[in-house]
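In what follows, a single structure is set out as structure tokens and then discussed.
Below, the structure written as structure tokens:
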């Protein structure tokens, strides 16, 4: 891919400052930039870094100061950079057609244009929509329904009856629809609760690598449309995740909890069972959510508190040595002179 | 499945209150209930919720108050509900027979009635007991021993020499018997310690999805009978887990630690190496266990403390802003009037 | 394997104390030792335990006190024990040759002596170095480069273009090169950022089971030579891990963070994005690293602080009930007698 700065400016609807004939041959973050690359900066700090890196041009905001490099001025540098990434992305080399080594049940239904990679196993009753790509070594259980234009990367497991919407991406090693962790203690023995429910994943959901989403005991474990899930996340039985949520790596959500729309759980957050988290709530990394959280606010800590309150508590905690000193000084002052002499 | 309330009452040994001819067509938790479903309630709070849901009948405790719905009165609503779930559970569609696409060593021993799914690889010396089902795409290493009536779901890996008891269930993507994390630092280089031991899993153990259980350096990493392990749990080399334990999702246990019988570790708990946890200890979510814990108690926090003590500390911590204010007020009061005027 | 103590002493360059004809038939940790085993002790405490265990001989430091058992005196008991483990390790039963059931692209390049197990899928352009062993059911994507003498255990996924050095070991279920978690919010929708970069893993790296290492957005996610990674670790896009690091189980490192050489992150540590951790820093279990950490020091806590400082804060925190009492006593003392009578 080679493109002149002029051509790139036209594609991005950008105002060009500098040599229009500059050849752009790649796209990069500032830290890995080489000559020929275009990078982006959305703050003065990154503009300074961009100026010193070997990149050949920088995408910047409309009224960014000029630097010693060609600039592409746009309304949203981040959005323009995304367009450039897509422009330079090589066409994906997905598997094509049905591999002769895939084991596809005669009772599975594959729409036109479905690709099934080598070594896959597709069970009876499975139904896969148009344009969906199944990479090698995936397992698609009985009666699983997969929408259109989905991508299952290698080693994905979809257990019996799971349903995925359209344009869902599942990264390698993820498991959807395994039994939840449910036992009833009878005479000191843990007896397994049968899991009759399933998992339903909406449209445009992306699921990272080695994620686990358990089926419901009865009813449905649900992942709302547009939600994105990072690697190694655990979602227990009967959890309801709203639309447009972001669940960062290693988050764990216990049984029957409910997340509203656009909830963000940062890395390693744990959510207790039967908790409700309101629309747009943002929970900082490693927090522990044990009770309901109202929407539209930021939370932090274990137990999770309103974010600023937690920061204040942490600041006070770090001043504990000082507080102990102050109390000691007061006690000394209050002691009678006689005591003081003896102490 | 369709059954009259009368018939259901007989099967549960329940006292029926309401129309005996009511048709029950399903079973559900209260929140997903539809008409025709039976639900259960074991407290007044859930009884009120059950009354307002569309379910057709409710399983309740013997002297629960009457509501505007048919009731099935039993000694243990939870146990009765478990029976109903099993009644309504569809017969499982496990793989049957040995798939022609499975690669089974001529030197493996498969008992009668063993099922091996498509694409599985079973190595020499492996020994699989009667009635065990191996789902597609599993790997069973050399000399692995699997008892009777076990289920291995897809993509399970059992490394060389691992031993499973009877009625063990392993969910997709779990790995049993990989090398532990052991190095000896020699001249600044981490040299790998060979792992000559193995993993032994007792009877009636259930292991969630994407769990990792490492083999011992020498000797055995052991999972006691009746223990249940949730998704994404890590169990390091030489760990000894007693019988009937519950290890909730994302728990991590470092090398050589020992859990007694019926220990419960809630989600995301971390246990340091060479720690001993006594019988029946319960550790709350996200706690960090760095030292030995006596049995029969509840623990919480990082470091894990006696549960009530930790709650008290957390309550005091949340009152730190107030304490700082109080100390400041005392200091102000103790200052001489002259100082006060100048300050 | 049977060897006299005399012969073992010669191989270890050890000073033998006791019956030279003693037969050694195994190697063990003290807790699992049986008759015929050799164990090691590098402190008095373990020497006492070794004395009481059934082992037939103990490897000890040069001037260790004599006990009621044959001793092998060496400069480094730990290093000598490692040699014994290697001596007693059975030769590994790796797959050999190219399995007829593996699906290897005609456009993949496999050097001499490469083994590819049953059911593997190797895509076009993949390049595998001499002596490397690929266990069954692995997926090696397009243009992946694997060095010499590597081991990929079952169910490993290497996505397109990933590069591994020499002598790299990857345990079952690990995923290298899946897309990172990157979205740009456009009109309230999370739009996926294409990931054009890759992952580069140095020489002598060992990667545990069910680990996830994401490819870079642009550029490279890098794992330095000699680094060892435990089970269930998450490494996000564009992270740079230096040489000789140890990342213990369930660690998570967010995007673009950089670890220097010989950094140790203990179990369940979380590292925020764009953080730099200096050479030789050691971070204790469950800590949360939100800002840069200087090298050569120990850290603990969430947020991670200098280790001793965190221990001191934790000690003060555990004394909070006492501090509240003391402040209350002071307030009582300061109250006027009249107030006291009324209160």
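Protein chains in written order, with the numbering used here: chain A, 380 to 722; chain B, 380 to 722; chain C, 380 to 722. Each residue gets a CB set at the ideal place from its N, CA and C atoms; glycine is no exception.
Within 8 Å of any Cβ in chain C, is that where the Cβ of residue 711 of chain B sits? Residue 711 of chain B sits at position 332 when you count from the first residue of the second chain. False, the Cβ-Cβ gap to chain C never drops below 8 Å.
Would you call the CB atoms of residue 547 of chain A and residue 580 of chain A closer than 8 Å? Translated into the one-based positions of the first chain, residue 547 of chain A becomes position 168. Translated into the one-based positions of the first chain, residue 580 of chain A becomes position 201. Yes, Cβ-Cβ distance for residue 547 of chain A and residue 580 of chain A is below 8 Å.
Could you check the C-alpha separation between residue 429 of chain B and residue 455 of chain B for me, to the nearest Å? By 1-based counting over the second chain, the position of residue 429 of chain B is 50. By 1-based counting over the second chain, the position of residue 455 of chain B is 76. Taking the straight line joining both Cα atoms gives about 17 Å.
Which residue marks the beginning of the beta strand (DSSP E) containing residue 562 of chain B, and which one marks its end? One-based indexing of the second chain puts residue 562 of chain B at position 183. Counting along the chain, the beta strand (DSSP E) containing residue 562 of chain B begins and ends at 562-565.
Could you tell me whether any Cβ in chain C is nearer than 8 Å to the Cβ of residue 408 of chain A? Numbered from its first residue, the first chain carries residue 408 of chain A at position 29. Interface residue, yes.
Within chain C, the residues that residue 651 of chain B reaches when beta carbons sit closer than 9 Å: For the purposes of this step, residue 651 of chain B is identified with residue 272 of the second chain, where counting begins at 1. Near residue 651 of chain B (Cβ distances below 9 Å), the residues of chain C are 645, 646 and 664.
Under three-state DSSP, which class holds residue 719 of chain B? Taking the second chain and counting its residues from 1, the one referred to as residue 719 of chain B is at position 340. Any answer about residue 719 of chain B is weak, because its pLDDT of 46 lies below 50 and its placement is not dependable; what the coordinates show is given next. Looking at residue 719 of chain B - three-state DSSP - the assignment turns out to be helix.
So, are the CB atoms of residue 426 of chain A and residue 403 of chain A less than 8 Å apart? Position 47 of the first chain holds residue 426 of chain A. Position 24 of the first chain holds residue 403 of chain A. No.
Distance check for residue 543 of chain B and residue 514 of chain B, CA to CA, integer angstroms please. Along the second chain, one-based indexing puts residue 514 of chain B at 135. Along the second chain, one-based indexing puts residue 543 of chain B at 164. Taking the CA atoms as reference points, residue 514 of chain B sits about 16 Å from residue 543 of chain B.
Does the beta-carbon of residue 400 of chain C have 16 or more other beta-carbons within 10 angstroms, so that it is buried, or is it exposed? The count along the third chain starts at 1 and reaches residue 400 of chain C at position 21. Exposed, because fewer than 16 other Cβ atoms sit within 10 Å of the Cβ of residue 400 of chain C.
Proximity to residue 557 of chain C [Cα-Cα], best of C/550, C/530 and C/541: Numbered from its first residue, the third chain carries residue 557 of chain C at position 178. When C-alpha distances from residue 557 of chain C are compared across C/550, C/530 and C/541, the shortest belongs to C/541.
Counting only the same chain and skipping the five closest in sequence on each side, list residues whose C-beta sits under 7 Å from that of residue 560 of chain B. Walking along the second chain from the start, residue 560 of chain B turns up at place 181. Excluding residues within five positions, the ones whose Cβ falls inside 7 Å are 615.
Residue 393 of chain A by DSSP, collapsed to three states: which one? What you label residue 393 of chain A is simply residue 14 of the first chain in a count that begins at 1. The answer is coil: DSSP assigns residue 393 of chain A none of H, G, I, E or B.
Simplified DSSP state of residue 409 of chain B, which is helix, strand or coil: Working through the second chain from its first residue, we reach residue 409 of chain B at position 30. Note: residue 409 of chain B maps to helix in three-state DSSP.
So does the region 405-423 of chain B actually touch the region 691-702 of chain A, counting three or more Cβ pairs closer than 8 Å? Contact between the region 405-423 of chain B and the region 691-702 of chain A is absent, because fewer than three Cβ pairs lie under 8 Å.
Do you know how far the Cα of residue 397 of chain C is from the Cα of residue 440 of chain C? For the purposes of this step, residue 440 of chain C is taken as the residue at position 61 of the third chain. For the purposes of this step, residue 397 of chain C is taken as the residue at position 18 of the third chain. Near 15 Å, if we compare the C-alpha coordinates of residue 397 of chain C and residue 440 of chain C.
My understanding is that residue 534 of chain A touches residue 613 of chain B, with C-beta atoms under 8 Å, so please give their C-beta distance in whole angstroms. The residue given as residue 534 of chain A occupies position 155 in the first chain. The residue given as residue 613 of chain B occupies position 234 in the second chain. With 8 Å as the limit, residue 534 of chain A and residue 613 of chain B do not qualify as a contact, their Cβ atoms being about 19 Å apart.
Using alpha carbons as the reference points, say which of A/583, A/687 and A/677 lies closest to residue 531 of chain A. Locating residue 531 of chain A in the first chain gives position 152, where the first residue counts as 1. The candidate whose alpha carbon is nearest that of residue 531 of chain A is A/583.
CB contact below 8 Å: residue 724 of chain C versus chain B: In the structure as shown, chain C starts at 380 and stops at 722, and residue 724 of chain C therefore has no counterpart that could be examined.
Just to confirm my understanding: we take residue 640 of chain B, look at its own chain, exclude 5 residues before and 5 after, and list those with CB closer than 8 Å. What are they? Taking the first residue of the second chain as position 1, residue 640 of chain B is located at position 261. Same-chain partners within the cutoff: 603, 621, 622, 623, 624, 658 and 659.
Counting only beta-carbon atoms, is residue 600 of chain A nearer than 8 Å to chain B? Indexing the first chain from 1 puts residue 600 of chain A at position 221. Interface annotation, residue 600 of chain A: not in contact with chain B, CB-CB separation never under 8 Å.
The beta strand (DSSP E) with residue 400 of chain A in it runs from where to where? Mapped onto the first chain, residue 400 of chain A falls at position 21. For residue 400 of chain A, there is no enclosing beta strand (DSSP E), since its DSSP letter is neither H nor E.
Which bits of chain A does residue 579 of chain B rub up against, with CB to CB less than 9 Å? For this step, residue 579 of chain B is matched to residue 200 along the second chain. Correct list: empty, because the minimum Cβ distance to chain A is about 19 Å.
Would you call the CB atoms of residue 569 of chain B and residue 448 of chain C closer than 8 Å? Numbered from its first residue, the second chain carries residue 569 of chain B at position 190. Numbered from its first residue, the third chain carries residue 448 of chain C at position 69. With a cutoff of 8 Å on beta-carbon distance, residue 569 of chain B and residue 448 of chain C are scored as not near each other.
Start-to-end residues for the beta strand (DSSP E) that takes in residue 592 of chain C: Here residue 592 of chain C is taken as the residue at index 213 of the third chain, counted from 1. Counting along the chain, the beta strand (DSSP E) containing residue 592 of chain C begins and ends at 591-593.
Can the beta-carbon of residue 689 of chain B be found closer than 8 Å to that of residue 681 of chain A? Position 310 of the second chain, counted from the first residue, corresponds to residue 689 of chain B. Position 302 of the first chain, counted from the first residue, corresponds to residue 681 of chain A. Residue 689 of chain B places its beta carbon 8 Å or farther from that of residue 681 of chain A.
Cβ pair residue 503 of chain B, residue 484 of chain B closer than 8 Å: What you label residue 503 of chain B is simply residue 124 of the second chain in a count that begins at 1. What you label residue 484 of chain B is simply residue 105 of the second chain in a count that begins at 1. Their beta carbons are under 8 Å apart, which means residue 503 of chain B touches residue 484 of chain B by this criterion.
Run the CB neighbour count on residue 395 of chain B, radius 10 Å, all protein chains shown included, and call it buried at 16 or more, exposed below. Here residue 395 of chain B is taken as the residue at index 16 of the second chain, counted from 1. The residue in question, residue 395 of chain B, is buried, as its Cβ has 16 or more Cβ neighbours within 10 Å.
Compile a chain-ordered list of the residues in the region 517-549 of chain B whose CB is closer than 9 Å to at least one CB of chain A. Listed by position, the residues of the region 517-549 of chain B near chain A (Cβ gap below 9 Å) are 532, 533, 534 and 548.
CB of residue 510 of chain C within 8 Å of CB of residue 537 of chain C, strictly: Sequence index remark: in the third chain, residue 510 of chain C carries index 131 (1-based). Sequence index remark: in the third chain, residue 537 of chain C carries index 158 (1-based). Their beta carbons are not under 8 Å apart, which means residue 510 of chain C does not touch residue 537 of chain C by this criterion.
Cα-Cα separation, residue 384 of chain B to residue 474 of chain C: Residue mapping note: residue 384 of chain B aligns to position 5 of the second chain, counting from 1. Residue mapping note: residue 474 of chain C aligns to position 95 of the third chain, counting from 1. Our two residues, residue 384 of chain B and residue 474 of chain C, have alpha carbons roughly 59 Å apart in a direct line.
According to the neighbour-count rule (16 or more other Cβ atoms, all chains shown, within 10 Å of its Cβ), is residue 714 of chain C buried or exposed? To locate residue 714 of chain C, count along the third chain from 1; it is residue 335. The residue is exposed, with fewer than 16 neighbouring Cβ atoms inside 10 Å.
Spatial neighbours of residue 635 of chain B in its chain, beta-carbon cut-off 6 Å, leaving aside the 5 residues before and after: As a first step, residue 635 of chain B must be located in the second chain, where it is residue number 256. Same-chain partners within the cutoff: 617, 652 and 653.
Which of the three DSSP states is assigned to residue 597 of chain C in this structure? As a first step, residue 597 of chain C is located in the third chain; it is residue number 218 there, counting from the start. Residue 597 of chain C: coil per DSSP, three-state reduction.
What does DSSP give as the partner residues of residue 557 of chain C in its beta bridges? The residue labelled residue 557 of chain C in the question sits at position 178 within the third chain. C/593.
Near residue 412 of chain B, which residues of its chain fall below 7 Å by C-beta distance, leaving aside the five closest residues on each side in sequence? Your numbering for residue 412 of chain B matches position 33 in the second chain. Within the same chain, residue 412 of chain B has close Cβ partners 418, 432, 433 and 434.
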